[in-house]
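Numbering (my numbering), first residue to last: 892 to 1065.
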Amino acid sequence: IDHCPGCPYREFGPAIGPRGDRKSPIVLVGEAPGAKEVKKKKPFVGPAGDVLWKAVAEAGLHEADLFITNSVACRPHPARPRVGAIRACQGRLAKDLGASPRLVVVALGTTALRAVTGDSQLGVTEARRGPPFLTRWGLVVPTLHPARVLRRPSERPLLVEDLRRARDIALHRG
Ligand code: URA
């Protein structure tokens, strides 16, 4: 896909498009592609992806149930995406989220939660304890970023629990 207008990372690498079924009732939103994602031109194919796919399976979901995109489509330089990059990439994210009437948007980590709600005060640790957020994109379920679970394996059940919650909303009660 093309770089967004005003993308601060365009000199550092390509923009990585989403993966999965655009019409899926469940969309997962990550933070930004890493080195592996750039190499394979696909979100969540690196170490965080390994954590995510295991949790997805454990929650009773399948790759075919999902559409997956990122808050920022380019690999951030030097490390985490800056607020300006998220802003520059917002139109592209909105297009991904609006591709079909979503039932559930799973925000993987605080960057994604802020990008999909527009609320820069939110954090997933607190937000995941409350009810989902009603947004124009559907119900937003906040959860931990898989890279965090990679560092803190004891938090793995929380990610699985939240994905299961998303599945229940989208595939059963939805
Ligand atoms: N890979 C992605 O595509 N996004 C992330 O947020 C992390 C890894």
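For every residue, glycine included, the Cβ atom is placed at its ideal position computed from N, Cα and C. In this text, all values refer to a predicted model and were calculated from it rather than measured experimentally.
Take the Cβ of residue i as the centre, count every other Cβ of all protein chains shown within 10 Å, and call the residue buried at 16 or more, exposed below.
| i | result |
| --- | --- |
| Ala970 | exposed |
| Phe903 | exposed |
| Ala948 | exposed |
| Thr1016 | exposed |
| Leu1025 | exposed |
| Arg966 | buried |
| Glu922 | buried |
| Ser1011 | exposed |
| Pro1044 | exposed |
| Ala1006 | buried |
| His1036 | buried |
| Arg1027 | exposed |
| Asp893 | exposed |
| Glu928 | buried |
| Ala1003 | buried |
| Pro1023 | buried |
| Gly925 | buried |
| Pro972 | buried |
| Gly852 | The shown model of the chain, from 892 to 1065, leaves out residue 852, and the question about it has no answer. |
Give the secondary structure of residue i by DSSP, where H, G and I count as helix, E and B as strand, and everything else as coil.
| i | result |
| --- | --- |
| Arg1058 | helix |
| Ile892 | coil |
| Pro1070 | Residue 1070 lies beyond the stretch modelled for the chain, which goes from 892 to 1065, so this question has no answer here. |
| Pro1037 | helix |
| Asp1010 | coil |
| Gly982 | helix |
| Ala990 | coil |
| Glu1017 | helix |
| Arg901 | coil |
| Arg1043 | coil |
Using the DSSP secondary-structure output, state which residues sit across from residue i in a beta bridge.
| i | result |
| --- | --- |
| Thr1001 | Answer is none; Thr1001 lacks a bridge partner. |
| Val995 | Ile917 and Leu1030 |
| Phe1024 | Val1031 |
> Do three or more CB pairs link the region 972-988 to the region 936-948 at distances below 8 angstroms?
Replying inline: no
> Whole alpha helix (DSSP H) runs in the region 906-977 with 4 or more residues, listed along the chain?
Replying inline: 926-931 and 938-949
>> Quick test of the definition: if touching needs 3 or more C-beta pairs under 8 angstroms, does the region 1028-1038 touch the region 995-1005?
In response: yes
> Counting pairs of beta carbons, one from the region 1046-1055 and one from the region 948-964, are three or more of them closer than 8 angstroms?
Replying inline: yes
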